[in-house]
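*Asks:* These protein sequences, in sequence, are chains A and B.
If you want this note's numbering, it's the position in the first sequence, counting the first as 1, plus 1.
If you want this note's numbering, it's the position in the second sequence, counting the first as 1, plus 6.
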Amino acid sequence: MDIGKICVIIGLIASLLTVVLYAIATRGSRSVLLAARAAFGLTTLSVLGTAARLMYIVSQHKFQFDYVFRYSSADLGWPWNYAATWAGQEGSFVLWAFWTAVIGVLVAWKAGKWEARVMPFYVSTLCFLFGILTWLSPFTQIVRGKGPSDYPLDLPWPPLNGTGLNPSLQNYWMAIHPPTIFFGFAALAVPFAYGLAALVKRDYESWAQRVMPYVLMAVATLGVGLFMGGYWAYETQGWHGFWAWDPVENASLFPWLGCVGLLHGLVVQKSRGGMGRTNLFLSIVSWLLFLYGTFLTRSGVLSNFSVHAFSELKSTPLYLIIGIIVVQGGIGFALLAWRWKTIPGRPISEKPLSRDTAMTLAVSIMMMTAAIVAIGTSWPLLSRWGIWKSIPIMKNLYSANGLAAQPIFYNKVGSALLIPTLLILGSVPFLAWGKTNAEKSLWKVLVPWLSAIGVGAMVVWFAVSQESTGFRPETPRILVVIVGMLGAFAALANIILAVRLLRVKAVTMGGWLAHVGIGVMALGIVMTNVYEQTKTYWLLEGAAPVKTPFGYSLEFAGWTHDGKSEEDIQKEWFEFSHSMKINVAHTPSESGVAHADDQTGAARGPLAYTALTPVFRQHNLQMAAMQDDSKQKYMYWPSIHKEYNRDFYITVASDPERILPQATLKEGETRAIGSADTADTEDKERGTTNSLVLKRTPYSVTYKRFYMHGGPGQPGTAMGGEMVLHVPDGRDIPFNAELKFSPEGGLKPVVTDIPGMNAVAAIKGGIDPATKEIVVNFVLPDVSPVWMAPIAVTNKPWINLVWLGVILMGLGTLCAMIRRTLEARKGLLLADKASDGVTDNEETAPTANSDPGRQKPAAAPVKGPAKPAPTARVKG
Amino acid sequence: MKAPHKIALGVIVVSMLVMLFAFSGAVAHHMDIKEVRTRPNEICQVPGQIIKDTVTYDATKGELRFDIAAIDPKTRKVDLNERMTVAYGQPKPENFDEAVGVEAIGKYKDGVFYAHNLLVKCPSKYSDDKSPKIAQK
Numbered sequence: 002m003d004i005g006k007i008c009v010i011i012g013l014i015a016s017l018l019t020v021v022l023y024a025i026a027t028r029g030s031r032s033v034l035l036a037a038r039a040a041f042g043l044t045t046l047s048v049l050g051t052a053a054r055l056m057y058i059v060s061q062h063k064f065q066f067d068y069v070f071r072y073s074s075a076d077l078g079w080p081w082n083y084a085a086t087w088a089g090q091e092g093s094f095v096l097w098a099f100w101t102a103v104i105g106v107l108v109a110w111k112a113g114k115w116e117a118r119v120m121p122f123y124v125s126t127l128c129f130l131f132g133i134l135t136w137l138s139p140f141t142q143i144v145r146g147k148g149p150s151d152y153p154l155d156l157p158w159p160p161l162n163g164t165g166l167n168p169s170l171q172n173y174w175m176a177i178h179p180p181t182i183f184f185g186f187a188a189l190a191v192p193f194a195y196g197l198a199a200l201v202k203r204d205y206e207s208w209a210q211r212v213m214p215y216v217l218m219a220v221a222t223l224g225v226g227l228f229m230g231g232y233w234a235y236e237t238q239g240w241h242g243f244w245a246w247d248p249v250e251n252a253s254l255f256p257w258l259g260c261v262g263l264l265h266g267l268v269v270q271k272s273r274g275g276m277g278r279t280n281l282f283l284s285i286v287s288w289l290l291f292l293y294g295t296f297l298t299r300s301g302v303l304s305n306f307s308v309h310a311f312s313e314l315k316s317t318p319l320y321l322i323i324g325i326i327v328v329q330g331g332i333g334f335a336l337l338a339w340r341w342k343t344i345p346g347r348p349i350s351e352k353p354l355s356r357d358t359a360m361t362l363a364v365s366i367m368m369m370t371a372a373i374v375a376i377g378t379s380w381p382l383l384s385r386w387g388i389w390k391s392i393p394i395m396k397n398l399y400s401a402n403g404l405a406a407q408p409i410f411y412n413k414v415g416s417a418l419l420i421p422t423l424l425i426l427g428s429v430p431f432l433a434w435g436k437t438n439a440e441k442s443l444w445k446v447l448v449p450w451l452s453a454i455g456v457g458a459m460v461v462w463f464a465v466s467q468e469s470t471g472f473r474p475e476t477p478r479i480l481v482v483i484v485g486m487l488g489a490f491a492a493l494a495n496i497i498l499a500v501r502l503l504r505v506k507a508v509t510m511g512g513w514l515a516h517v518g519i520g521v522m523a524l525g526i527v528m529t530n531v532y533e534q535t536k537t538y539w540l541l542e543g544a545a546p547v548k549t550p551f552g553y554s555l556e557f558a559g560w561t562h563d564g565k566s567e568e569d570i571q572k573e574w575f576e577f578s579h580s581m582k583i584n585v586a587h588t589p590s591e592s593g594v595a596h597a598d599d600q601t602g603a604a605r606g607p608l609a610y611t612a613l614t615p616v617f618r619q620h621n622l623q624m625a626a627m628q629d630d631s632k633q634k635y636m637y638w639p640s641i642h643k644e645y646n647r648d649f650y651i652t653v654a655s656d657p658e659r660i661l662p663q664a665t666l667k668e669g670e671t672r673a674i675g676s677a678d679t680a681d682t683e684d685k686e687r688g689t690t691n692s693l694v695l696k697r698t699p700y701s702v703t704y705k706r707f708y709m710h711g712g713p714g715q716p717g718t719a720m721g722g723e724m725v726l727h728v729p730d731g732r733d734i735p736f737n738a739e740l741k742f743s744p745e746g747g748l749k750p751v752v753t754d755i756p757g758m759n760a761v762a763a764i765k766g767g768i769d770p771a772t773k774e775i776v777v778n779f780v781l782p783d784v785s786p787v788w789m790a791p792i793a794v795t796n797k798p799w800i801n802l803v804w805l806g807v808i809l810m811g812l813g814t815l816c817a818m819i820r821r822t823l824e825a826r827k828g829l830l831l832a833d834k835a836s837d838g839v840t841d842n843e844e845t846a847p848t849a850n851s852d853p854g855r856q857k858p859a860a861a862p863v864k865g866p867a868k869p870a871p872t873a874r875v876k877g
Numbered sequence: 007m008k009a010p011h012k013i014a015l016g017v018i019v020v021s022m023l024v025m026l027f028a029f030s031g032a033v034a035h036h037m038d039i040k041e042v043r044t045r046p047n048e049i050c051q052v053p054g055q056i057i058k059d060t061v062t063y064d065a066t067k068g069e070l071r072f073d074i075a076a077i078d079p080k081t082r083k084v085d086l087n088e089r090m091t092v093a094y095g096q097p098k099p100e101n102f103d104e105a106v107g108v109e110a111i112g113k114y115k116d117g118v119f120y121a122h123n124l125l126v127k128c129p130s131k132y133s134d135d136k137s138p139k140i141a142q143k
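Structure, rendered in C-alpha cells:
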C-alpha cells in the first residue's frame with residue numbers, strides 16, 4: 002500500500018477521533034481537550050503527508066500511478082509538473098483537504114473558548130474528504146495485464162510516459178487559480194462551524210464578530226478566484242469572453258453570493274444587533290450552496306451541459322458527497338429549528354430611508370440572486386420533474402432530457418437584479434442606521450447623482466459613436482445607459498465616503514472601496530459586453546493589409562520559428578515561441594474598405610506593434626493513439642493588446658495552412674494556375690471583409706482526359722487525369738496527376754514529379770465522380786506557396802474597467818478583513834453597541850444624521866452612557 | 007408582519023417572477039437530429055458525432071462549418087445516414103480537433119443548424135476503453 006494511501010487512512014481515523022474528542026471536550030475536561038488537539042495535529046499531518054506525497058509522485062513523473070499517468074507527461078515543465086497535482090478529481094479533493102486543514106489550524110488557534118464547540122463541526126468536513134479519498138484514491142497503480150483497459154505487459158514498466166496534461170490547462174493560471182479558489186471554498190466551512198457552535202452553545206452574539214474576518218477572507222479569495230478563472234478564459238480561449246455561465250463557473254458563483262449575503266447580515270448584526278436568526282441560517286446555507294455546487298460539478302449529472310464538469314464519479318464517492326450534504330445540512334437545520342425560539346430577535350429600523358432597510362434589501366437580493374443562479378444551473382435536472390407539466394406557466398420548462406438555461410437567462414435576471422442593487426449601493430453611504438435626516442442627506446446625494454448623469458451622457462455619446470459605424474448591438478441602448486449610470490453612481494457615492502474615511506480612520510474604508518469596485522465592474526461589464534465587435538478576415542502572406550474598422554490594419558509577418566529546421570520545430574511540441582507574427586499598423590478609423598493598394602503600399606500607416614498569436618501543436622498522446630490519424634492538431638491563444646480604453650484582441654480562428662498554386666478543372670479544360678490572394682468583399686450582414694481568390698500566374702495546365710486503372714475500391718487501383726503543364730518559357734510538359742487506393746483503404750494522392758523542371762504536382766482532395774473535376778496543387782520554381790490564416794479580430798471597449806473593479810473589490814475586502822480582525826481582537830461586545838442604539842457616525846457621508854439625541858463627536862470611540870469606559874475587555 | 011420580513015418576502019416574490027419571465031425563450035431543449043429539423047427557430051441542444059472530413063472555416067463569413075451524425079444516447083451508436091450541417095460563428099473551439107462528439111446549442115433554419123454554443127466532448131467521455139496504447143519513448 003502506498004504511503005499516500007496510508008496517510009489517507011490515518012487521516013480518516015484521526016479526523017473521526019478529532020471530532021469525537023472535541024465533542025467530549027466541550028464538557029470542560031482539559032486533558033480531553035489536549036487529546037483532541039493532538040488528534041487534530043495528527044489529522045493535519047496526514048493531510049500534509051497526503052498532499053506532499055501526491056505532489057511528489059506527480060512532479061517526479063511516477064507514471065506507474067494511474068493518476069499521474071492520466072494527468073501528466075515526462076515533458077511537462079515547471080510549473081505544470083506541480084500544478085498537475087490538482088488536475089483531476091482526486092487531486093482537487095486533496096487540495097480542498099489541504100486548505101481545510103491549514104485554515105483549521107488558524108481556527109483552532111484563535112477560537113479561544115469556542116475551540117471545543119467549533120472544531121467538531123469544522124473537522125467533520127475532513128472526515129468526509131478522507132472518506133472520499135479512501136475510495137477515490139490518487140495513489141492506485143495502473144493494472145498490468147491483458148485486458149483492454151489494462152496496461153499491456155509488453156510495454157515498459159514503470160511506464161516512461163503519461164498521457165499528458167490537457168493543453169488547455171498548461172497555462173500559468175493553472176498554478177494560481179485552483180489554489181486560490183479552493184482556499185475560498187475551504188474558508189466557507191468556518192462560518193458554518195461557528196454558526197452551529199453558536200446554536201449549541203446558545204451564544205448568538207459573539208460568534209458573529211468572531212466569524213466576520215473569516216467570512217471576509219472567503220469573500221475576498223473566492224471572489225478574486227472567480228475572476229481569475231474568467232481572466233484565464235479570456236486570455237487563452239479564442240471566444241474573447243470572460244464568463245460563459247457554464248455550470249462549473251456558476252457552482253462557484255452562487256456560494257460566493259451566499260457568502261456576500263452572510264457578510265452583510267453580519268454587519269447588521271454587529272452594528273444593530275438584528276438579523277441574528279438570519280445570519281445563522283445564512284451561514285448554513287452558504288456552506289450547503291458550496292457543497293451542492295460541488296455535487297453538481299463532480300457527479301457528472303451535468304456533463305452534457307458543461308465544458309468543464311468532471312466526468313462521472315464512481316458510486317461510493319458520489320454517495321459520500323450526497324452524504325456530506327445530507328448530514329451537515331440535516332444537523333445544521335435541525336439545530337437551527339431546535340434553538341429557533343431561544344434566539345433573541347432584535348428589531349432593526351423599519352424606516353425606509355435607513356441603512357437597516359437598505360441592508361435588508363441588499364441581503365435579500367443577494368440571496369435571491371444566489372438562489373436563481375443555482376436554480377438556473379440545476380435546471381437540466383429540475384426540468385425533468387413531472388410536476389411542471391401540470392402547471393400552465395411551467396409547461397414549457399419541462400423536458401424529460403433536461404433543459405439548459407442559456408446565457409440570456411442569466412443576463413436578463415442579472416440586469417434586472419443589478420439595477421436595484423446599484424441604486425442601493427449608491428444610496429447607502431448617505432443613509433444612517435436607524436433614521437436618516439432626509440432634507441440634509443438628500444441634497445448631498447446630488448453630487449454623485451449629477452456626476453453619474455454626466456457619465457450617462459458619455460455612455461450615450463460612446464454608444465452613438467460605436468453605432469455610427471453600422472454596428473447594431475443586441476441590447477437596447479437605454480438599458481446600457483441605465484446600468485452604466487447606476488454603476489457610476491454607486492462607484493462615485495462610495496468613493497466620496499471612502500476618501501473621507503481614508504483621512505479619518507482608514508481601516509474602515511474597506512467595504513466602501515469594495516463597493517466602488519462593484520460599480521466600476523458593472524459599468525465595465527455592460528459597456529464591453531454590449532459594444533464588443535468582432536470581424537473575421539483571411540490573413541494571407543504577401544497580400545494587402547487587412548483594414549479593420551478599429552483603427553488598425555493587419556499584415557502577416559511570418560512566424561517566430563522562421564529559420565528553424567523542421568526537425569527542431571517538431572521537437573518543441575509545446576513551445577511558446579511558435580507564434581504567428583502579425584504587424585499591426587495604425588490607420589485612420591473610417592468604416593472603409595481595406596484597400597488593396599499593392600503598388601504604393603499606401604494603406605499601411607506607421608507600425609503600432611507586432612502581435613504574436615501562439616499556435617501550439619497539440620500532442621495529447623492518448624488522443625493520438627486512439628484516433629489514429631496523423632493530422633496535426635493545433636491550439637491557438639489570442640494576442641491581447643491592452644489600451645486604457647479597450648483591448649484589441651486577435652485570435653487565429655482555425656488552422657493556418659500553406660496554400661500552393663493550384664488549378665481546378667474539368668475534363669478537357671485549360672486553366673491558368675492560380676496563386677492565393679485576397680479580395681475585399683462586402684457582406685450585407687457582416688460589412689467589409691475579404692475572401693480568398695486566385696490570381697493568375699504565368700503557368701497554365703490542361704486536363705486532357707480522366708482515367709482509372711483497375712477496379713473501384715481495389716487496392717492498387719489508380720485514378721486521375723492526364724495533364725499538360727504549359728510553362729511560360731513555351732514548353733508543354735505532359736504529366737499524370739492521380740490518386741491511388743492504398744492497402745489500408747482510402748485514396749491517397751500521388752506526388753508526381755514534372756519532368757524537366759524542378760516542380761511537382763498532386764491532386765488535392767477527391768475526384769467528383771459525376772463531373773470528374775480535379776483540383777491540382779503545384780510546387781513551381783518561381784511561384785511560392787503562401788501562408789493563410791483565418792483570423793478573428795475583436796474590439797473590446799472599456800474591458801479594463803472590469804479588471805479594475807475586481808482589484809478594487811479585492812483590496813476593499815482585504816481592508817475590511819483587517820478591520821474586522823482588529824475589532825474581534827479588541828473584543829468589543831456586540832451587546833453594548835446594540836443596546837445603545839448608537840450608530841457609527843464616522844461611517845456615514847457628511848450630514849446623514851442618526852437619532853438626533855445621540856450625537857457623538859465624529860472620532861470618539863463608541864461608548865454607552867451607562868457603561869464604564871473603555872468597553873470591558875472580555876475574551877471570547 | 008414586521009417590515010424587514012415584508013421586504014424580504016417582496017424581494018423573493020419579485021425575483022421569482024423575474025426568473026420565470028427570464029426563462030421563456032432562454033432554455034435549450036435537448037433533442038436528436040431528426041426531431042430538431044421539425045423545430046425551426048427554437049433553441050435546441052443536439053448531440054452528434056463530428057464528421058471530420060467536413061470541417062471547414064470560412065473567414066469571409068466568420069463561420070466554422072461541419073456535419074454531425076446522429077448518436078443514439080442509449081446505445082451510443084452512430085448513424086451516419088442521419089446528418090446535419092452545423093454553422094458556428096466563432097473561432098474553432100480549443101479541443102475541437104480531438105473531439106469525437108459535440109453538443110450543439112442553437113437554432114435550426116433552412117437546413118443548417120446555427121449554433122451559438124458548442125460543448126465539445128473529449129474522446130474519454132465516450133469510450134470506456136482507457137487503453138494505454140501509448141508510444142513509450
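Just so it is clear, CB atoms sit at the ideal spot from N, CA and C, and this is done for glycine as well.
Given this structure, state the Cα-to-Cα distance separating A:Gly746 from A:Pro713, to the nearest angstrom.
*Replies:* When rounded, the distance between both Cα atoms is 11 Å.
*Asks:* Residues of chain B with CB under 9 Å from A:Arg687, in chain order?
*Replies:* Neighbours of A:Arg687 on chain B, chain order: Thr66, Lys67, Gly68.
*Asks:* With 8 Å set as the bound, which would you pick, yes or no: does the beta-carbon of A:Gln90 sit closer than that to a beta-carbon of chain B?
*Replies:* Answer no: the Cβ-Cβ gap between A:Gln90 and chain B never drops below 8 Å.
*Asks:* Using a beta-carbon distance below 8 Å, is A:Asp1 in contact with chain B?
*Replies:* Here chain A has residues from 2 to 877 only, and residue 1 of chain A is not among them.
*Asks:* Taking 8 Å as the threshold (beta carbon to beta carbon), is A:Lys765 in contact with chain B?
*Replies:* Chain B, which has no Cβ nearer than 8 Å to the Cβ of A:Lys765, makes this no.
*Asks:* Could you please give me the residues that DSSP links to B:Cys50 through a beta bridge?
*Replies:* Its beta-bridge partners are B:His35, B:Gly112.
*Asks:* Can you name the residues of chain A whose CB is closer than 7 Å to the CB of B:Val190?
*Replies:* With chain B running from 7 to 143 in the structure shown, residue 190 of chain B is simply not present.
*Asks:* Can you have a look at A:Pro381 and say buried or exposed, based on whether 16 or more other CB atoms are within 10 angstroms of its CB?
*Replies:* Buried.
*Asks:* Using only alpha-carbon positions, find the residue among A:Val216, A:Val191, A:Gln65, A:Pro180 that is nearest to A:Tyr152.
*Replies:* The residue with the shortest Cα to Cα distance from A:Tyr152 is A:Gln65.
*Asks:* Does the distance from the C-beta atom of A:Val878 to that of A:Gly811 stay below 8 Å?
*Replies:* This structure gives no information on residue 878 of chain A, because the portion of chain A shown stretches from 2 to 877.
*Asks:* Using a cut-off of 8 Å between C-beta atoms, extract the partners of A:Phe410 located in chain B.
*Replies:* Within chain B, the residues near A:Phe410 are Ala28, Phe29, Ala32, Val33.
*Asks:* Quick check on A:Met709: buried or exposed, where buried means 16 or more other Cβ atoms within 10 Å of its Cβ?
*Replies:* Counting Cβ neighbours within 10 Å, A:Met709 comes out exposed, since fewer than 16 surround it.
*Asks:* In chain order, what residues of the same chain lie with their CB nearer than 7 Å to the CB of A:Trp100, ignoring the 5 residues before and after it?
*Replies:* Only Phe183, Phe184, Ala187 meet the Cβ criterion.
*Asks:* Ends of the alpha helix (DSSP H) at A:Met395?
*Replies:* Looking at the DSSP string, A:Met395 is not in any alpha helix (DSSP H), and its letter there is neither H nor E.
*Asks:* Taking the alpha carbon of A:Leu189 as the point to measure from, which residue in A:Trp434, A:Leu254, A:Phe490, A:Leu524 has its own alpha carbon closest?
*Replies:* Closest option to A:Leu189, Cα to Cα, is A:Leu254.
*Asks:* Using the beta-carbon count (16 or more within 10 Å), is A:Arg820 buried or exposed?
*Replies:* Counting Cβ neighbours within 10 Å, A:Arg820 comes out buried, since at least 16 surround it.
*Asks:* Would you give the residue range spanned by the alpha helix (DSSP H) that A:Gly403 belongs to?
*Replies:* First-last for A:Gly403: undefined, no H or E at that position.
*Asks:* Nearest CA to the CA of B:Ser21: which residue from A:Leu46, A:Phe779, A:Asn796, A:Thr422?
*Replies:* With distances taken between Cα atoms, B:Ser21 lies closest to A:Thr422.
*Asks:* Could you please give the first and the last residue of the uninterrupted beta strand (DSSP E) stretch that includes A:Trp539?
*Replies:* 534–541 is the span of the beta strand (DSSP E), which, as asked, contains A:Trp539.
*Asks:* Ignoring anything shorter than 3 residues or poking outside the segment 103–167 of chain A, list the beta strand (DSSP E) runs there in chain order.
*Replies:* Segments of the beta strand (DSSP E) lying fully in the segment 103–167 of chain A: there are none.
*Asks:* Got a sec: which bits of the segment 374–390 of chain A sit with their beta carbon under 9 Å from any beta carbon on chain B, in order along the chain?
*Replies:* Within the segment 374–390 of chain A, the qualifying residues are Ile376, Gly377, Trp380, Pro381, Ser384.
*Asks:* Name the one or two DSSP bridge partners that B:Arg89 has.
*Replies:* In the DSSP output, where bridge partners are listed per residue, B:Arg89 has B:Ala75.
*Asks:* Using the rule of at least 16 other Cβ atoms within 10 Å of the residue's Cβ for burial, across every protein chain shown, is A:Arg203 buried or exposed?
*Replies:* Classification for A:Arg203: exposed.
*Asks:* Quick check on DSSP: helix, strand or coil for A:Asp569?
*Replies:* In this structure, A:Asp569 counts as helix in the three-state DSSP scheme.
*Asks:* What does DSSP give as the partner residues of A:Val694 in its beta bridges?
*Replies:* Bridge partners of A:Val694: A:Asp678.
*Asks:* I need the straight-line Cα distance from A:Ser284 to A:Gln61, nearest angstrom please.
*Replies:* Using only the alpha carbons, I get a separation of about 41 Å.
*Asks:* State the CB to CB distance for the pair A:Pro550 and A:Arg647, rounded to an integer number of angstroms; the pair is presumed to be in contact (CB under 8 Å).
*Replies:* At roughly 13 Å, the Cβ-Cβ gap does not stay under 8 Å, so A:Pro550 and A:Arg647 are not in contact.
*Asks:* Decide yes or no for the touch test of the segment 545–564 of chain A against the segment 510–530 of chain A: beta carbon pairs closer than 8 Å, at least 3 of them.
*Replies:* No, the segment 545–564 of chain A does not touch the segment 510–530 of chain A.
*Asks:* Excluding sequence positions up to five away, which residues of its chain have a Cβ less than 8 Å from the Cβ of A:Leu227?
*Replies:* Answer for A:Leu227: Ile182, Glu250, Ser253, Leu254, Trp257, listed in chain order.
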